[in-house]
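In what follows, a single structure is set out as structure tokens and then discussed.
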Amino acid sequence: MSASTDTYVPKTRVGRITNFVDTRVGGSSIVKEFGRKIFPDHWSFMFGEVALYSFVILLLSGTFLTFFFDPSMAETHYTGSYIPLKGVEMSVAYQSTLDISFEVRGGLFMRQLHHWSALMFVASVSFHMLRVFFTGAFRRPRELNWVVGCVLLILALAAGFTGYSLPDDLLSGNGLRIIDGVIKGIPLVGTYISLLLFGGEFPGTDIVGRLYVLHILLVPALILLMIAIHLFMVVVHKHTQYPGPGRTESNVVGFPVGPVYAAKAGGFFFVVFGILAVIAANFQILAIWDYGPYDPSPVSAGTQPDWYIGWVDGALRLMPGVGEFVIFGRTVSLNVLVPALVPAGVLFTLMFAWPWIERWVTKDHREHHILDRPRNAPFRTGIGVAGVVFYSVMWAAASSDLIATHFHVSLNDVTYWLRALFFLGPILGFIVTRRICLALQRKDREIALHGRETGRIVRLPHGEFIEVHEPLNDYKLYRLVNFESPEVLPAEPNKAGHIKRSEKLRGSLSRFFFEDRVAPVTPAELEAAHSHHAEVEAPAEKAEVGGR
Amino acid sequence: MGDHSHGSPSTSGTVATAGQSDVEKFQDPGLPPHRPRRADKDPRAEKRAERQVAILFVISIIGTVLFFVGYFGIRLDDTIATLRLQNFTLGMGTAFAMLGIGIGIVHWAKTLMPDHEIVEERHEVRTEEDRRDAEQIIGQVLDESGISRRPLIRNTLIGAGVLAILPAIGIFRDLSKDLNPDVLRHTMWDAGVRLTRDPSGTPIKASDVTIGSAFHVIPEGLNEAEHKLEEKAKAVVLLMRLNPDELHVSPGREDWNYNGIVAYSKICTHVGCPVALYEQHTHHLLCPCHQSTFDLTQECKVIFGPAAHALPQLPISVDDEGYLVATSDFHEPVGPSYWERG
Numbered sequence: 001m002s003a004s005t006d007t008y009v010p011k012t013r014v015g016r017i018t019n020f021v022d023t024r025v026g027g028s029s030i031v032k033e034f035g036r037k038i039f040p041d042h043w044s045f046m047f048g049e050v051a052l053y054s055f056v057i058l059l060l061s062g063t064f065l066t067f068f069f070d071p072s073m074a075e076t077h078y079t080g081s082y083i084p085l086k087g088v089e090m091s092v093a094y095q096s097t098l099d100i101s102f103e104v105r106g107g108l109f110m111r112q113l114h115h116w117s118a119l120m121f122v123a124s125v126s127f128h129m130l131r132v133f134f135t136g137a138f139r140r141p142r143e144l145n146w147v148v149g150c151v152l153l154i155l156a157l158a159a160g161f162t163g164y165s166l167p168d169d170l171l172s173g174n175g176l177r178i179i180d181g182v183i184k185g186i187p188l189v190g191t192y193i194s195l196l197l198f199g200g201e202f203p204g205t206d207i208v209g210r211l212y213v214l215h216i217l218l219v220p221a222l223i224l225l226m227i228a229i230h231l232f233m234v235v236v237h238k239h240t241q242y243p244g245p246g247r248t249e250s251n252v253v254g255f256p257v258g259p260v261y262a263a264k265a266g267g268f269f270f271v272v273f274g275i276l277a278v279i280a281a282n283f284q285i286l287a288i289w290d291y292g293p294y295d296p297s298p299v300s301a302g303t304q305p306d307w308y309i310g311w312v313d314g315a316l317r318l319m320p321g322v323g324e325f326v327i328f329g330r331t332v333s334l335n336v337l338v339p340a341l342v343p344a345g346v347l348f349t350l351m352f353a354w355p356w357i358e359r360w361v362t363k364d365h366r367e368h369h370i371l372d373r374p375r376n377a378p379f380r381t382g383i384g385v386a387g388v389v390f391y392s393v394m395w396a397a398a399s400s401d402l403i404a405t406h407f408h409v410s411l412n413d414v415t416y417w418l419r420a421l422f423f424l425g426p427i428l429g430f431i432v433t434r435r436i437c438l439a440l441q442r443k444d445r446e447i448a449l450h451g452r453e454t455g456r457i458v459r460l461p462h463g464e465f466i467e468v469h470e471p472l473n474d475y476k477l478y479r480l481v482n483f484e485s486p487e488v489l490p491a492e493p494n495k496a497g498h499i500k501r502s503e504k505l506r507g508s509l510s511r512f513f514f515e516d517r518v519a520p521v522t523p524a525e526l527e528a529a530h531s532h533h534a535e536v537e538a539p540a541e542k543a544e545v546g547g548r
Numbered sequence: 001m002g003d004h005s006h007g008s009p010s011t012s013g014t015v016a017t018a019g020q021s022d023v024e025k026f027q028d029p030g031l032p033p034h035r036p037r038r039a040d041k042d043p044r045a046e047k048r049a050e051r052q053v054a055i056l057f058v059i060s061i062i063g064t065v066l067f068f069v070g071y072f073g074i075r076l077d078d079t080i081a082t083l084r085l086q087n088f089t090l091g092m093g094t095a096f097a098m099l100g101i102g103i104g105i106v107h108w109a110k111t112l113m114p115d116h117e118i119v120e121e122r123h124e125v126r127t128e129e130d131r132r133d134a135e136q137i138i139g140q141v142l143d144e145s146g147i148s149r150r151p152l153i154r155n156t157l158i159g160a161g162v163l164a165i166l167p168a169i170g171i172f173r174d175l176s177k178d179l180n181p182d183v184l185r186h187t188m189w190d191a192g193v194r195l196t197r198d199p200s201g202t203p204i205k206a207s208d209v210t211i212g213s214a215f216h217v218i219p220e221g222l223n224e225a226e227h228k229l230e231e232k233a234k235a236v237v238l239l240m241r242l243n244p245d246e247l248h249v250s251p252g253r254e255d256w257n258y259n260g261i262v263a264y265s266k267i268c269t270h271v272g273c274p275v276a277l278y279e280q281h282t283h284h285l286l287c288p289c290h291q292s293t294f295d296l297t298q299e300c301k302v303i304f305g306p307a308a309h310a311l312p313q314l315p316i317s318v319d320d321e322g323y324l325v326a327t328s329d330f331h332e333p334v335g336p337s338y339w340e341r342g
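Chains as they are written, first to last, in the working numbering: chain U, 1 to 548; chain D, 1 to 342.
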């Protein structure tokens, strides 16, 4: 026996197991770190969980599908049990997808579960990112985790698209055809990229096998890596929390991992799985047997891509057919390049850079662990809604033909309107949202100062009618008054006494964002409101909106 | 964290932007008092919650049984109806199995596990000391390696590293055996190739094409071609007959139509979808993917949508037996534009 024999003698059964594990792999510190770690609770924190769980379900159902799917594009004649396609010439990939649907028991369910989970995955990632954006959770020290999240969104799109193209049915083939057309529009190298990707001319016999490797190996591996980094950083930073009584920048208020959070989050995995199973059991998705194998000639009208590709497809539709020209014997197709690259480029660049843009404009370099209520950051909420509108207009454009047929309007008119909205929508979205946020802040001020309207009307002895307002308790009051309202920071000269152009730009952005602001109620104002009700109204109103 | 923790009213952090000092802020009243749940106060409610959780778990067990009933009990008989029934049973079985467990555990956590909020202090992500040490170590490592003092080594290493990446890119050259963009210029069409129906491949007599009709056309011999799909992706054609007076024919194309019968490439010049919709009364061709619209009477000029140039026309005539034939290949590349198209 060596000298390092433990003197710790476990007395309980749990103690003996703990001792065994700890003396071999040293798990006690992990249990100490995570066993009672505190997580704040809020419904909006669920989106990230849904994303994680849908990804797990994707891995499970996807692994099942790989056991039966054959990504070969070799020609074959269908011999399976679906009668309308008997004898039809098709690729082995398409046939094996049919076989998964018709010959493998539970195969159709797994296919549908996989596809619905993919839609849910991208949706929950998107909602999670909106939540993070609108509450300012991306601020220091979490900027890098926001960047990891943006990468995850791109990877989720890549995973979805590579998977969509695998069955080699008419829809996925047409999707690839569009991708091929877009790639060919890239100057200088586009034609070569297309020839390399497809192993020659479109469609070739290589593309499904190549996308398959990306879909089941490379992209999921990258997603797993990013998720690992993402969660590691969540642990390092600890979770953010919403503002409220007892919650400060230096603490975390919530439930411990063991048992409450583990039970809620663990149980929630099964809930997500169950809901996806209900959808997969009841709602048919991508009935590939209806579309038939890929053939470059037919196409079905009114087909839609998976929802997350819609905005890019919509951008392609919105662009007028201008901007194709020949220069030095070479063709440049701006009518394809611009819609394929510019909106996505603008959106993702702004998303990646936003934490630093906001920091630069506000000069706020502090750490933030308390979230903003969206109304308390009107400029940010406005920008976010502008982005959502920008995205949604393109998304709607992907269904322009369906909008036209369903509402019996001209397809051309729908396109013209959406083209106008593409430019005007985000601006309107910004203005309206910021106004709504400021109005909600004023309402909060009103409630903080004068209390809750009770609906009880009282007649005073001299005949006046008043409505009784009930003052808020300390906790509710604190919720309404505890926030920051940044002010305009005008451009400042640097050490040489010189105002640089970038600083001027920063100053005007700051004015643009914070010129209109609503300040939180101060104790003095509340005092004044309580002592003489009427007089304080006017000055308070003036203090609320600066700069106008 | 000191200066960074401005949000805490108890600390006097530096205020960068907000126009208020801590004196003007409300005191944090602390966590609201805990409100006991029914199950905390009433043993009968507690028992009831316990039973509900157990019932949910039993529902999960029933769901698993339902799954196996569907799996072994339903015989697939080549009809969509049984497939649908089996899919429904397997799916709902799985759903009950999962939801029973999930909702049961969540209900358990919400009603029976403690719901006291606990406060934990945040620790600093890093300490200033560690950072200083790290900086020192990195400095020492760089110094001892001499990388900053010996630019010759550094620069040749950078050069070697950049070049060493190139093989990793170059090795993918053989993803395609043939990288000549010229293949995109030519299709199966040639002088004398008959126009045949898609997909049967039967030839079309000029007399079969009545005014107002439209044919989906492939070149004769396509079905036997070695690279059938690749050829088809370039060669598909739409054939329509109009009143010859309605056709605007530009100089040089006078003999490209045959008595008002015209043939145009079916591959959209935008991004390559098949332009499959023919509006007979307006003589418009519409691409269902992105709604590019081409006017047949104006040699398929783009009149709406994102496509930027007209559909290429296939010159046609009839042979001795009265069948429609091409008189040459297309005079320009079909399909989407590309750099080398010119």
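Beta carbons: idealized from backbone N, C-alpha and C, even for Gly.
Checking the sheet assignment: what are the DSSP bridge partners for G254(U)?
I118(D)
For T94(D), return the contacting residues in chain U, with the cut-off set at a CB-CB distance below 7 Å.
A277
Does DSSP classify I303(D) as helix, strand or coil?
strand
Return the residues of the segment 291-309 of chain D that lie within a Cβ-Cβ distance of less than 7 Å from chain U, sorted by chain order.
Q291, S292, V302, F304, G305, P306, A307, A308 and H309
I want to verify the contact list: residues of chain U whose CB lies under 9 Å from the CB of Y71(D), in sequence order.
R105 and G106
Under 8 Å Cβ to Cβ from V193(D), same chain only, skipping five residues before and after it: list those, please.
P219, E220, G221, V325 and A326
Proximal residues, the segment 199-233 of chain D versus chain U, C-beta separation under 7 Å
H216, L229, E230, K232 and A233
Quick check: the segment 265-276 of chain D against the segment 284-303 of chain U, are there 3 or more CB pairs under 8 Å?
yes
Check: G146(D) C-beta below 6 Å from any heavy atom of the ligand ZN:
As far as ligands go, the structure on display features none, and thus does not contain the ligand ZN.
First and last residue of the uninterrupted beta strand (DSSP E) at I216(U):
From DSSP, I216(U) is part of no beta strand (DSSP E); its letter is neither H nor E.
How would you write the range of the beta strand (DSSP E) that Y278(D) sits in, first residue to last?
L277 to E279
Minimum Cβ-Cβ distance from S297(U) to chain D less than 7 Å
yes
Three or more beta-carbon pairs under 8 Å between the segment 488-508 of chain U and the segment 445-459 of chain U, yes or no?
no
Evaluate K556(U) with the Cβ neighbour count: other Cβ atoms within 10 Å of its Cβ, from every protein chain shown; 16 or more gives buried, anything less gives exposed.
The first residue shown for chain U is 1 and the last is 548, placing residue 556(U) beyond what the model contains.
Return the CA-CA distance between G19(D) and T94(D), expressed in angstroms with no decimal places.
Its pLDDT being 43, under 50, G19(D) is placed unreliably by the model, and nothing is read from it.
Rounding to the nearest angstrom, what Cα-Cα distance links L85(D) and A281(U) in this structure?
9 Å
Residue range of the beta strand (DSSP E) that F215(D) falls in?
A214 to P219
Can you tell me where the beta strand (DSSP E) with I264(D) in it begins and where it stops?
A small correction: the amino acid at residue 264(D) is Tyr; Ile does not occupy that position in the sequence shown. I261 to S265 is the span of the beta strand (DSSP E), which, as asked, contains Y264(D).
Local Cβ density within 10 Å of A118(U), reported as buried at 16 or more and exposed below that:
buried
Pull up the DSSP beta-bridge partners for Y53(U), would you.
Its beta-bridge partners do not exist; DSSP assigns none.
Looking at C-alpha atoms only, which residue of A228(U), I100(U) and T248(U) is the closest neighbour of L31(D)?
T248(U)
With a cut-off of 7 Å, does the C-beta of L311(D) fall near any C-beta of chain U?
no
My parser needs the beta strand (DSSP E) runs of 3 or more residues fully inside the segment 80-106 of chain U; what are they?
89-91
Closest by CA to H331(D), which one among P181(D), D319(D) and L311(D)?
L311(D)
Enumerate in chain order the residues of its own chain whose CB-to-CB distance from D99(U) is below 6 Å, with the five nearest sequence positions on each side excluded.
G80
Integer Cβ distance of A248(D) from Q298(D), believed to fall under 8 Å:
The sequence as given places His at residue 248(D); Ala does not occur at that position. With a Cβ gap of about 5 Å, H248(D) and Q298(D) count as contacting.
Helix, strand or coil: which one does DSSP assign to A74(U)?
coil
Cα-Cα separation between P141(U) and Q136(D), rounded to whole angstroms
23 Å
Between L176(U) and I216(U), which are expected to be in contact by the criterion C-beta below 8 Å, what is the C-beta distance as a whole number of angstroms?
The Cβ separation is near 18 Å, so there is no contact.
Assuming contact is defined by CB atoms lying nearer than 7 Å, are F273(U) and I57(U) in contact in what I supplied?
yes
Taking 7 Å as the threshold (beta carbon to beta carbon), is Y348(D) in contact with chain U?
Residue 348(D) is absent from the structure shown; chain D starts at 1 and stops at 342.
Where the beta strand (DSSP E) containing F294(D) begins and where it ends
T293 to D295
Range of the contiguous alpha helix (DSSP H) that encloses T362(U)
L334 to T362
For R16(U), does the count of other Cβ atoms within 10 angstroms reach 16, so buried, or fall short, so exposed?
exposed
Following the continuous beta strand (DSSP E) through G455(U), name the residue where it begins and the one where it ends.
R452 to R459
If the cut-off is 7 Å on Cβ atoms, which residues from the segment 89-103 of chain U count as contacting chain D, listed in chain order?
F102
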